[in-house]
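Participant: Be aware that the sequence shown starts at 10, since it is given in this note's numbering, and climbs by one per residue.
No residue lacks a Cβ here, since even glycine has one placed at the ideal position from N, Cα and C.
It should be emphasised that the depicted structure is a prediction, and the values quoted were computed from it without experimental measurement.
This is the structure, below, for whatever I ask next.
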Amino acid sequence: MSESDAVTESDAATESDAASRRSPGLIAAAVALPVALVVGVLVAAFMAGRNPTLEPVALGAVPAPASGSPECTALTGALPEKLGDFTRAELVDPAPEAAAAWQSADASEIVLRCGLDRPTEFNAASALQVVNGVQWFEVPGGDGVDASTWFAVDRGVYVAATIPHGLGPSPLQDASDAVAAALQPKPLDPAPVPNP
């Protein structure tokens with residue numbers, strides 16, 4: 010065998026080994042497997058973010074002497090599944106009577122209670138907002154509380170909706186629709202204006 014034949018056979022063997030090591034199927038598999046793994050992780054993270062598992066909401070007891078009234082029973086039976094982007098949440102037992110909560114994907118909460126006492130701040134000089142036919146009185150949250158409690162003051166029973174700030178008008182509009190549908194308007198009964 011001549012030297013050129015030996016070089017040709019050696020080159021052919023090297024090319025054959027390189028071709029078998031770089032077959033298109035092998036390359037495609039090597040690229041597709043990590044890409045599929047990354048895509049799968051991203052899809053799973055996206056789906057987990059869209060459908061988080063939310064815990065039931067625990068509500069403490071507050072004075073609500075009219076919570077067992079026919080008006081509160083009618084309202085709680087007519088509450089919607091959604092308030093704005095918030096979905097009705099399960100309450101931890103024992104749940105207060107005539108109370109409901111809604112949660113968002115980030116676990117923020119809106120709480121509605123019926124049958125409460127007249128808010129102490131509500132008097133004849135209080136500013137009211139009318140939302141979808143319901144008159145609401147706002148009590149801002151205290152220090153460190155990023156929410157306000159809105160009291161429906163024109164329905165014969167006091168209804169309170171505690172709503173985090175920055176959500177826009179939709180939750181209060183949806184609550185107003187439920188209150189207006191379930192409860193008839195009644196004359197206001199504010200406290201007298203305090204003397205200075």
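Would you report the Cα separation of P196 and V143, rounded to the nearest angstrom?
Facilitator: What you label residue 196 is simply residue 187 of the sequence shown in a count that begins at 1. What you label residue 143 is simply residue 134 of the sequence shown in a count that begins at 1. P196 and V143: Cα-Cα distance of roughly 12 angstroms.
Participant: Give me the residue from A67, L100, N204, Q112 with the minimum Cα distance to G93.
Facilitator: If you number the sequence shown from 1, residue 93 lands on position 84. Considering only alpha carbons, the answer is Q112.
Participant: How would you call A67, buried or exposed, if buried means at least 16 neighbouring beta carbons within 10 angstroms?
Facilitator: Numbered from its first residue, the sequence shown carries residue 67 at position 58. Exposed, by the Cβ-count rule.
Participant: With a 10 Å radius around its C-beta and 16 neighbouring C-beta atoms as the bar for buried, classify A184 as buried or exposed.
Facilitator: Along the sequence shown, read from residue 1 onward, the residue named residue 184 stands at position 175. Buried.
Participant: Along the chain, where does the beta strand (DSSP E) containing P173 start, and where does it finish?
Facilitator: For the purposes of this step, residue 173 is taken as residue 164 along the sequence shown, with counting starting at 1. Counting along the chain, the beta strand (DSSP E) containing P173 begins and ends at 167-173.
Participant: Would you kindly work out how many angstroms separate the C-alpha atoms of V52 and T62, rounded to a whole number?
Facilitator: The residue labelled residue 52 in the question sits at position 43 within the sequence shown. The residue labelled residue 62 in the question sits at position 53 within the sequence shown. Note that V52 has pLDDT 49, beneath the 50 cutoff, so the model's placement of it is unreliable and the number below is only indicative. Roughly 17 angstroms between the two C-alpha positions.
Participant: Among V188, P199, P194, whose alpha-carbon lies nearest the alpha-carbon of T85?
Facilitator: Counting from one through the sequence shown, the residue named residue 85 turns up at place 76. The shortest C-alpha separation from T85 is found at V188.
Participant: In terms of alpha-carbon separation, which member of A136, N141, V140 lies closest to P149?
Facilitator: Here residue 149 is taken as the residue at index 140 of the sequence shown, counted from 1. Considering only alpha carbons, the answer is A136.
Participant: Just to confirm, are S76 and E106 a CB contact at a threshold of 8 angstroms?
Facilitator: To locate residue 76, count along the sequence shown from 1; it is residue 67. To locate residue 106, count along the sequence shown from 1; it is residue 97. Yes; because the gap between Cβ atoms is below 8 angstroms, this pair is in contact.
Participant: Bridge partners of K91, per DSSP?
Facilitator: As a first step, residue 91 is located in the sequence shown; it is residue number 82 there, counting from the start. According to the DSSP secondary-structure assignment, K91 is paired through a beta bridge with T96.
Participant: In this structure, how does DSSP classify L5 when only helix, strand and coil are distinguished?
Facilitator: The structure shown does not extend to residue 5, since the chain is modelled only from 10 to 205, so the question has no answer here.
Participant: Are the beta-carbon atoms of G124 and V166 separated by less than 8 angstroms?
Facilitator: Here residue 124 corresponds to residue number 115 of the sequence shown, with the count starting at 1. Here residue 166 corresponds to residue number 157 of the sequence shown, with the count starting at 1. Yes, these two residues count as a Cβ contact at 8 angstroms.
Participant: Q193 lies in the beta strand (DSSP E); which residues open and close that run?
Facilitator: Position 184 of the sequence shown holds residue 193. Where Q193 is concerned, there is no enclosing beta strand (DSSP E), given that its DSSP letter is neither H nor E.
Participant: Please list the terminal residues of the continuous beta strand (DSSP E) segment that includes E118.
Facilitator: Along the sequence shown, read from residue 1 onward, the residue named residue 118 stands at position 109. Annotation for E118: the continuous beta strand (DSSP E) segment containing it runs 118-125.
Participant: When the distance is taken between beta carbons, is A200 closer than 8 angstroms to I119?
Facilitator: Here residue 119 refers to the residue found at position 110 of the sequence shown. Here residue 200 refers to the residue found at position 191 of the sequence shown. In this structure, I119 sits away from A200, with a CB-CB distance that is not shorter than 8 angstroms.
Participant: What does the Cβ neighbour count give for P180, buried or exposed, with the cut at 16 atoms within 10 Å?
Facilitator: The sequence position of residue 180 within the sequence shown is 171, counting from 1. So P180 counts as buried.
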